[in-house]
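Take a look at the structure below.
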Amino acid sequence: MIYSADTTLIPIDPSTPDPALLWRAADVILSGGLVAFPTETVYGLGANALDSEAVSRIFAAKERPANDPLIVHLASVESLPLVAQDIPPLAYALAERFWPGPLTLVLRRTAHISDHVTAAQDTVAVRVPAHEVARGLIAAAGVPIAAPSANRFSRPSPTTAAHVLADLAGRVDMVLDGGSTRIGVESTILDLSGDVPTVLRPGGIPLEALLAVLPHVELRSLAVLEGGSAPAPGTLQKHYSPAVHVLLYSGMPHSVRQYIISSAAGYVAAGRRPAVIMVGDSSGYEQAGVLVVSLGHDETHASANLFAVLRDLETRADVILVSAPSQTGLGLALWDRLWRAADGRVVRVE
Ligand code: TXA
Ligand code: MG
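In the working numbering, the protein residues as written are 7 to 356.
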């Protein structure tokens, strides 16, 4: 069987989940099934990381290419040696500071986990999530749980159970509905398997917080910081993409605003349905025929709302004009997701 015919939706208390429900979900995991569950970042699509057949069902359900490895979720740092080896002291220092939480470490793998999880590479991505439902589920199952975001490949990540069902109903056995996720963008991925710690994906732990522990860290996706030039091979893969055209505008705030207002008017005149999104104040953007949505009053709130807004706007607009956020704090992760949603289309406004 590749797809589940029926998906059971189970409401669950996000702060004190009922152990009986966690056992029920753990039972599905241990019988080789798929359970979508909330984490503090986004919903994950979980399977037993030690069961190759179960893990291959994740790829089928998401229509995800088999060469894109999955993150392994653990209940606590004590289980780390089961999935990783040659673990550097730095990994333990980071775990001490940031786990449970939205930091994923890439380490050398052991032979225990399925080759499907790691796409047959010699490294494994691993994190201990902070959400009580995620932690309770992993603990009840007693196995590491491989879980990518619970969206179909190239769709925006899900931050509610409704988003999961929109993409995966009939393709997963169970969805634990613990409400909206708190952080809203995925974990920060830090590669510790090479000589220099390298951020592969900015996310829920801001770069500034990592730099407080790590004096040297490199960012792989320099294209993000430089405003979209020369992306590294493989990073232009379409990700987090809503079904509509997205354009990212960066530059001085006042100039960006003027530029977006006149671009939006141009789209309206051409019979299109533009939407404009930004972090912070939306005043001044309003005009006939243009949907205007503030993502939130700061980067933290904007991150929490981003994917829900993208999913909502794709049914109501046919082009989304984005005023690029700052790149500090969670703004860097926000920039990265918007840049990918825009498929690298950045307009530099002088
Ligand atoms: O917040 C999150 O990280 C969420 C929740 C569910 O935990 N998960 C998530 O998984 O975002 P996913 O599969 O959507 O993104 C995982 C990323 C992929 O881009 C994958 O290429 C990368 O992690 N990855 C996984 N294993 C890796 C490895 N061994 N080396 C480098 N990158 C890896
Ligand atoms: Mg994903």
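Heads up, the beta-carbon is just placed ideally off N, CA and C, and yes, glycines get one too.
When we look at the beta-carbon of Ser2 and count the other beta-carbons within 10 Å, is it buried (16 or more) or exposed? An answer regarding residue 2 cannot be provided, because it is not within the stretch 7 to 356 covered by the chain.
Please return the same chain residues whose Cβ sits closer than 8 Å to the Cβ of Gln127, not counting the five positions on each side in sequence. Cβ within range, chain order: Pro75 and Arg115.
Buried or exposed (CB count within 10 angstroms, at least 16 for buried), Val112: By the 10 Å Cβ count, Val112 comes out buried.
Cβ-based neighbour list, Arg2, same chain, cut-off 8 Å, excluding 5 preceding and 5 following: Any question about residue 2 goes unanswered here, given that the chain covers just 7 to 356.
Just mark Pro87 as buried or exposed, buried being the case when its beta carbon has 16 or more other beta carbons within 10 Å. Looking at its Cβ environment, which holds fewer than 16 other Cβ atoms inside 10 Å, Pro87 is exposed.
Who are the Cβ neighbours of Val156 in its own chain at under 7 Å, not counting the five residues just before and after it? Per the sequence shown, residue 156 should be read as Ala rather than Val. For Ala156, where only same-chain residues beyond five positions count, the Cβ hits under 7 Å are Ala42, Tyr49, Gly50, Leu51, Pro164, Val170 and Leu174.
Leaving out five residues before and five after Leu242 in sequence, what residues of the same chain have Cβ atoms less than 6 Å from its Cβ? At Leu242 the pLDDT is 44, less than 50, meaning the model places this residue with poor confidence; the figure from the coordinates comes in the next sentence. For Leu242, same chain residues with a beta-carbon under 6 Å away, outside a window of 5 residues either side, are Gly350 in chain order.
So for His169, helix, strand or coil by DSSP? Looking at His169 - three-state DSSP - the assignment turns out to be helix.
Same chain, Cβ closer than 7 Å to Ser186, five either side skipped, listed in chain order: Cβ neighbours of Ser186 beyond the five flanking positions: Thr165 and Thr166.
Residue range of the alpha helix (DSSP H) that Ser309 falls in? Looking at the DSSP string, the run of the alpha helix (DSSP H) that includes Ser309 is Glu305 to Leu319.
Going by alpha carbons, who is nearest to Asp342 out of Glu305, Leu36 and Ser82? Checking every option, the nearest Cα to that of Asp342 belongs to Glu305.
Could you tell me if Ser261 is buried or exposed, where buried requires 16 or more neighbouring beta carbons within 10 angstroms of its beta carbon? So Ser261 counts as exposed.
Under 8 Å: do the stretch 276-288 and the stretch 119-137 share three or more Cβ pairs, one atom per stretch? When Cβ pairs closer than 8 Å are counted between the two stretches, the stretch 276-288 is seen not to touch the stretch 119-137, the count staying below three.
Using only alpha-carbon positions, find the residue among Ala215, Pro212 and Thr194 that is nearest to Leu206. It is Thr194.
Please indicate yes or no: does the CB of Glu192 lie closer than 7 Å to some heavy atom of the ligand MG? The answer is yes for Glu192.
Out of curiosity, what's the CA-to-CA distance linking Leu96 and Ala276? One alpha carbon belongs to Leu96, the other to Ala276, and they sit about 55 Å apart.
Nearest to Arg103 by CA position, among Ala31, Pro20, Ala117 and Ala218, is which residue? Closest in alpha carbon position to Arg103, among Ala31, Pro20, Ala117 and Ala218, is Ala218.
Could you name the residues of the same chain whose beta carbon sits closer than 7 Å to that of Ala32, not counting the 5 residues immediately before and after it, in chain order? Excluding sequence neighbours, Ala32 sits near Leu143, Ala146 and Ala147.
Tell me the DSSP secondary structure of Ile50 in three-state form. At residue 50 the sequence reads Gly, which differs from the Ile that was named. DSSP places Gly50 in the strand class (E or B) of the three-state scheme.
Nearest by alpha-carbon distance to Ala99: which of Gln91, Val83, Val89 and Pro108 is it? Among Gln91, Val83, Val89 and Pro108, the Cα nearest to that of Ala99 is on Val83.
If we count the other Cβ atoms within 10 Å of its Cβ and call it buried at 16 or more, is His122 buried or exposed? By the 10 Å Cβ count, His122 comes out buried.
According to DSSP, residues forming a beta bridge with Met180: The beta-bridge partner set that DSSP reports for Met180 consists of Thr14 and Val41.
With 16 other CB atoms within 10 Å as the buried threshold, where does Ala236 fall? Confidence at Ala236 is low in this model, with a pLDDT of 39, below 50, so the placement of that residue is unreliable and no value is reported for it.
Enclosing alpha helix (DSSP H) for Tyr4 [first to last residue]: Outside the modelled stretch of the chain, which goes from 7 to 356, sits residue 4, for which no answer is possible.
Which residues does DSSP list as the beta-bridge partners of Glu224? Partner(s): Thr204.
Spatial neighbours of Gly337 within its chain, please: CB distance less than 7 Å, with the 5 preceding and 5 following residues excluded, ordered by chain position. Setting aside the 5 residues that flank it on each side, Gly337 is surrounded in the same chain by Glu305 and Pro331, each with a C-beta closer than 7 Å to its C-beta; the list follows chain order.
Tell me whether His2 is buried or exposed, calling it buried when 16 or more other Cβ atoms sit within 10 Å of its Cβ. In this structure the chain extends from 7 to 356, so residue 2 is not present and cannot be described.
Quick check on this structure: which residue in Glu192, Tyr255 and Trp345 has the alpha carbon closest to the alpha carbon of Gly107? Ranked by how close their Cα comes to the Cα of Gly107, the residues Glu192, Tyr255 and Trp345 have Glu192 in first place.
Is Arg351 helix, strand or coil by DSSP? Three-state result, Arg351: coil.
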